[in-house]
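Okay, so here's the structure we're looking at.
Protein chains: 2
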Amino acid sequence: MKKLINAPDRVVDEALAGMAAAHSDLIRVEPPNIVVRKDAPRRGKVGVISGGGSGHEPMHGGFVGLGMLDAACPGAVFTSPVPDQMQAATKAVDGGAGVLHIVKNYTGDIMNFDLAAQLAEAEGIQVKSVVIADDVAVKDSLYTAGRRGVGGTVLAEKIVGGCAESGANLDTVTAMCQRVQDNVRSMGMALTSCTLPSVGKPTFDLGDDEMEIGIGIHGEPGRSRMKIATADQIVEMLMTPILEDLPFKSGDRVLAFVNGMGGTPLIELYVVYNAVASMLKGKGITVARNLVGSYITSLDMAGCSISLLKLDDEMTRFWDAPVHTPALRWGL
Amino acid sequence: MKKLINAPDRVVDEALAGMAAAHSDLIRVEPPNIVVRKDAPRRGKVGVISGGGSGHEPMHGGFVGLGMLDAACPGAVFTSPVPDQMQAATKAVDGGAGVLHIVKNYTGDIMNFDLAAQLAEAEGIQVKSVVIADDVAVKDSLYTAGRRGVGGTVLAEKIVGGCAESGANLDTVTAMCQRVQDNVRSMGMALTSCTLPSVGKPTFDLGDDEMEIGIGIHGEPGRSRMKIATADQIVEMLMTPILEDLPFKSGDRVLAFVNGMGGTPLIELYVVYNAVASMLKGKGITVARNLVGSYITSLDMAGCSISLLKLDDEMTRFWDAPVHTPALRWGL
Numbered sequence: 105m106k107k108l109i110n111a112p113d114r115v116v117d118e119a120l121a122g123m124a125a126a127h128s129d130l131i132r133v134e135p136p137n138i139v140v141r142k143d144a145p146r147r148g149k150v151g152v153i154s155g156g157g158s159g160h161e162p163m164h165g166g167f168v169g170l171g172m173l174d175a176a177c178p179g180a181v182f183t184s185p186v187p188d189q190m191q192a193a194t195k196a197v198d199g200g201a202g203v204l205h206i207v208k209n210y211t212g213d214i215m216n217f218d219l220a221a222q223l224a225e226a227e228g229i230q231v232k233s234v235v236i237a238d239d240v241a242v243k244d245s246l247y248t249a250g251r252r253g254v255g256g257t258v259l260a261e262k263i264v265g266g267c268a269e270s271g272a273n274l275d276t277v278t279a280m281c282q283r284v285q286d287n288v289r290s291m292g293m294a295l296t297s298c299t300l301p302s303v304g305k306p307t308f309d310l311g312d313d314e315m316e317i318g319i320g321i322h323g324e325p326g327r328s329r330m331k332i333a334t335a336d337q338i339v340e341m342l343m344t345p346i347l348e349d350l351p352f353k354s355g356d357r358v359l360a361f362v363n364g365m366g367g368t369p370l371i372e373l374y375v376v377y378n379a380v381a382s383m384l385k386g387k388g389i390t391v392a393r394n395l396v397g398s399y400i401t402s403l404d405m406a407g408c409s410i411s412l413l414k415l416d417d418e419m420t421r422f423w424d425a426p427v428h429t430p431a432l433r434w435g436l
Numbered sequence: 105m106k107k108l109i110n111a112p113d114r115v116v117d118e119a120l121a122g123m124a125a126a127h128s129d130l131i132r133v134e135p136p137n138i139v140v141r142k143d144a145p146r147r148g149k150v151g152v153i154s155g156g157g158s159g160h161e162p163m164h165g166g167f168v169g170l171g172m173l174d175a176a177c178p179g180a181v182f183t184s185p186v187p188d189q190m191q192a193a194t195k196a197v198d199g200g201a202g203v204l205h206i207v208k209n210y211t212g213d214i215m216n217f218d219l220a221a222q223l224a225e226a227e228g229i230q231v232k233s234v235v236i237a238d239d240v241a242v243k244d245s246l247y248t249a250g251r252r253g254v255g256g257t258v259l260a261e262k263i264v265g266g267c268a269e270s271g272a273n274l275d276t277v278t279a280m281c282q283r284v285q286d287n288v289r290s291m292g293m294a295l296t297s298c299t300l301p302s303v304g305k306p307t308f309d310l311g312d313d314e315m316e317i318g319i320g321i322h323g324e325p326g327r328s329r330m331k332i333a334t335a336d337q338i339v340e341m342l343m344t345p346i347l348e349d350l351p352f353k354s355g356d357r358v359l360a361f362v363n364g365m366g367g368t369p370l371i372e373l374y375v376v377y378n379a380v381a382s383m384l385k386g387k388g389i390t391v392a393r394n395l396v397g398s399y400i401t402s403l404d405m406a407g408c409s410i411s412l413l414k415l416d417d418e419m420t421r422f423w424d425a426p427v428h429t430p431a432l433r434w435g436l
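Those protein sequence lines, which keep their order, are chains A and B.
Number 106 in my numbering belongs to position 2 of the first sequence; there are no gaps in the numbering.
Number 240 in my numbering belongs to position 136 of the second sequence; there are no gaps in the numbering.
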């Protein structure tokens, strides 16, 4: 296993310590391993939290800060955080206006966020939840009943964070998150497997000339394994199911998000974005906003995912709103 | 070869087309393949340009925009741009106050920037150059007489860009660039080789349990090949030569930059940053600013580099100044 780590069981703690050291102006890291916005709780502001297994960095801890998340709960690598973490995060960010849980659709995450919500409500904190399930690749999967939550989560956290920052109440913030979920679709692919630090060898075998289309962010099987194709062909294979599903159509305005899986360099992501932009132009769909980079990763997996979000004016405004987190920053 | 590309000879053009499509609010891409700040030339502002082989993205094209570079000249992958590109970029950004060339110390880059400077001067544009040579790993190398220019270039481009944006004249901007060069030291390492699209197989062989310390950004040999070590040990091996070279000493204030080589995920970079921050703290050196991410890469190489810049108040102020480029953005 080739990784820049000290020991498999220390990766998450040491990465969090590194984040805390690098971004002490924005975040604090507290027991039981939660990343909290430095100035939380903010009185009267709806708190927005998310969480999930580690190994997808910068998601979610890198999105904590003004205009995005108030806290994040990182589990062990590819393992749901425990309810204690979500409960502690909920309490840490509650400013009296309630807390929204943004939950990626994985069985463990759903269960543990649910339990944490009950515990927090028993303490008098109002909690709502929205489940993100944007992956069109497969209906059910290894870790999921229904679609998996993937790249759309990044877009939801930014837009919902902007909405909460604007002073909207819990119902409005929750509705905005549901609106993003209803309008976003994603699909990913891998050129290589990821390797879990605790396992030390690739999660799955993929031939030197093979790729996996429709892969999940934990290396879960996708739609098909096939010979490696060109970037244009891969974009076609990812975009067609995405476009047909909503469906997206001529005249729509979208946010196009090309995401790297962790082991893929930026030059390749721009080649992919070029193909995505050309394809959308050919279909009369306007790319009003875009994001290109590695924001929801699968450890060292090489590959990419594409997400399309059908925008309206309000979502666009909250996307553009100021954000100041370790991984996304503008307007400040 | 596993890459998200269409054809080896189209990678650079398509990535540039992707960048132009994604960032049309910030940059334009013009013949002969130069990335130019959208609103260049700006009357009375010193122009700042850089360039080098492609394959190091986001460097340099991703650093074009307000507060950083006015233009970038991307060559073919790992190949110096041609003098035509530097000459065209120099003309495109000259607002009458002259142009600074920030040149990484590689023989081809030096030669071609030199020729371009002569051609531009013959057309009446005042040109100055500063060579960045911050890599302490080796004295000379495959492509270099003297030290290689690596991570310090990112820091120089940001700080010098801030200085130029403030309205400083060409002599002042040049002196600021030289001051960054004089105060920055770097060293890198690799867990895996990179693979050039045109070659299709790894540039060098590295055993499953081996790493290369002191590697160059084109996979040039470093100081030593050895069994893979822990992140803490690797940080010690990179930091000791850096610290001893300037030398950095107790009481110094530094900018600490942990850079990913392209194939390394962020979670590992934060583990490395944690070790860097601990080591500096132990030596009484204050980390006043930091940068963690993949900003000067070597295609899909796994590994990292560390750069330390000894800061003064003016450099700190220009580092903090607003920047709006595809890859770095704050204050706006």
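Glycine included, each C-beta is placed from N, C-alpha and C at the ideal position.
Model, not experiment: these values are computed from the prediction.
message = Run through the DSSP bridge pairs and tell me what B:Arg462 is partnered with.
response = The question about residue 462 of chain B has no answer here: the residues shown for chain B are numbered 105 through 436.
Helix, strand or coil: which one does DSSP assign to A:Gly256? In the three-state scheme derived from DSSP, where H, G and I count as helix and E and B as strand, A:Gly256 is classed as helix.
key: Residue-chain proximity (A:Cys408, chain B), Cβ-Cβ < 9 Å   = So yes, A:Cys408 belongs to the interface.
**Item:** Distance between beta carbons of A:Arg289 and A:Leu412, contact taken as under 8 Å
**Value:** Sure, about 6 Å apart at Cβ, within 8 Å.
message: Quick check on DSSP: helix, strand or coil for A:Cys298?
response: Correct three-state label for A:Cys298: coil.
Exercise. Taking only beta-carbon atoms, is B:Ser398 less than 9 Å away from chain A?
Worked result: Under the Cβ criterion of 9 Å, B:Ser398 is counted among the residues facing chain A.
Closer than 8 Å by C-beta to A:Val376: which residues in its own chain qualify, once you throw out the five before and the five after it? Chain order, please.
The residues Ala335, Ile338, Val339, Val362, Cys408, Ile410, in chain order, have a CB closer than 8 Å to that of A:Val376 in the same chain once the five nearest residues on each side in sequence are set aside.
Quiz item: Roughly how many angstroms lie between the CA atoms of B:Gln230 and B:Ala249, to the nearest whole one?
Solution: Pairing B:Gln230 with B:Ala249, the inter-Cα distance amounts to about 26 Å.
Is there at least one Cβ from chain B nearer than 9 Å to A:Asp404's Cβ?
Answer yes: the Cβ-Cβ gap between A:Asp404 and chain B drops below 9 Å somewhere.
Discussion item. Please state the DSSP three-state secondary structure of B:Asp312.
Written reply: DSSP places B:Asp312 in coil when its eight states are reduced to three.
| said: Quick check: is the beta carbon of A:Met455 nearer than 9 Å to any beta carbon in chain B? | reply: The question about residue 455 of chain A has no answer, for chain A in this structure spans 105 to 436.
**Request:** Report yes or no: is there a C-beta of chain B within less than 9 Å of the C-beta of A:Asp218?
**Result:** A:Asp218 does not count as touching chain B.
(message) Rounding to the nearest angstrom, what Cα-Cα distance links A:Arg433 and B:Ala226 in this structure?
(response) For A:Arg433 and B:Ala226, the distance between alpha carbons rounds to 42 Å.
Check: Quick one, which residues of the segment 113-144 of chain B are near chain A if we go by CB-CB under 7 Å, in chain order?
Finding: Per Cβ criterion, the list reads Val115, Glu118, Ala119, Ala121, Gly122, Met123, Ala125, Ala126.
Next item on the list: Check each candidate in A:Tyr247, A:Gln282, A:Ser184 and name the one with the smallest Cα separation from A:Val264.
Entry: For the residues A:Tyr247, A:Gln282, A:Ser184, the minimum Cα distance to A:Val264 belongs to A:Gln282.
**Prompt:** Which word fits A:Pro185, buried or exposed, when buried means at least 16 other C-beta atoms lie within 10 angstroms of its C-beta?
**Reply:** Flag for A:Pro185 reads buried.
- prompt: Using a C-beta to C-beta distance shorter than 8 Å, which residues of chain A count as neighbours of B:Leu437?
  reply: This structure cannot settle anything about residue 437 of chain B, because the visible part of chain B is limited to 105 through 436.
Can you pull out the residues from the segment 275-307 of chain B whose beta carbon lies closer than 7 Å to at least one beta carbon of chain A? Per Cβ criterion, the list reads Leu295, Thr296.
Practice item. Can you have a look at A:Gln222 and say buried or exposed, based on whether 16 or more other CB atoms are within 10 angstroms of its CB? Key: Exposed: under 16 other Cβ atoms inside 10 Å.
Inset, instruction - Report yes if the C-beta distance between A:Ile109 and A:Ile153 is below 9 Å; otherwise report no. - result: The answer is no: Cβ separation not under 9 Å.
Using a C-beta cutoff of 9 Å, does A:Ser158 count as contacting chain B? Among the residues facing chain B, A:Ser158 is included, as its CB has a counterpart in that chain under 9 Å away.
inquiry  = Only counting the same chain, and skipping five residues up and downstream in sequence, which positions put a Cβ closer than 6 Å to that of B:Cys177?
reply    = If the five residues before and after B:Cys177 are omitted, its C-beta is found closer than 6 Å to the C-beta atoms of Ile138, Gly155, Pro185, Gln189, Met190, Ala193, all from its own chain and listed in chain order.
**Prompt:** For B:Gly366, which residues in chain A fall below 7 Å Cβ to Cβ?
**Reply:** For B:Gly366, the chain A residues whose C-beta falls within less than 7 Å of its own C-beta are Pro369, listed in chain order.
**Message:** Quick check on B:Arg252: buried or exposed, where buried means 16 or more other Cβ atoms within 10 Å of its Cβ?
**Reply:** It is buried - the Cβ of B:Arg252 has at least 16 other Cβ atoms within 10 Å.
*How about the segment 294-309 of chain A and the segment 257-276 of chain A: do they share at least three Cβ pairs that are nearer than 8 Å?*
The segment 294-309 of chain A vs the segment 257-276 of chain A: no contact.
### Own chain residues within Cβ distance below 7 Å of B:Gly388, not counting five before or after
These residues qualify, in order along the chain: Ser354, Gly355.
Within 9 Å of any Cβ in chain B, is that where the Cβ of A:Pro162 sits? True, the Cβ-Cβ gap to chain B drops below 9 Å.
* **9 Å Cβ cutoff met for B:Gly320 and B:Tyr247** => Yes, they are a contact pair.
*asked:* List, in chain order, every chain B residue whose beta-carbon is nearer than 8 Å to that of A:Asp336.
replied: In chain order, Asn110 make up the part of chain B whose C-beta sits under 8 Å from the C-beta of A:Asp336.
Worksheet item: What in chain A is Cβ-close to B:Lys208, meaning under 8 Å?
Response: Contact note: B:Lys208 does not reach chain A at a C-beta cutoff of 8 Å; the least C-beta distance is about 17 Å.
- Query: Within the 9 Å Cβ cut-off, does A:Glu372 reach chain B?
  - Reply: Yes, A:Glu372 counts as interfacial toward chain B.
Counting only beta-carbon separations shorter than 9 Å, does A:Met330 have a partner in chain B? Chain B, which has no Cβ nearer than 9 Å to the Cβ of A:Met330, makes this no.
*Is B:Met383 closer than 9 Å to B:Thr257 when the C-beta atoms are compared?*
The answer is no: Cβ separation not under 9 Å.
Which residues in the same chain as A:Asn209 place their Cβ atom closer than 7 Å to its Cβ, once the five residues preceding and following it in sequence are excluded? Here the set comprises Val235, Ile236, Ala237, Thr248, Gly250, Arg251, Arg252, Gly253.
### Range of the contiguous alpha helix (DSSP H) that encloses B:Phe217
Residues 211-226.
Mind listing the chain B neighbours of A:Tyr377? Cutoff is C-beta to C-beta under 7 Å, in chain order.
Under the 7 Å cutoff, chain B gives Gly122, Ala125, Ala126.
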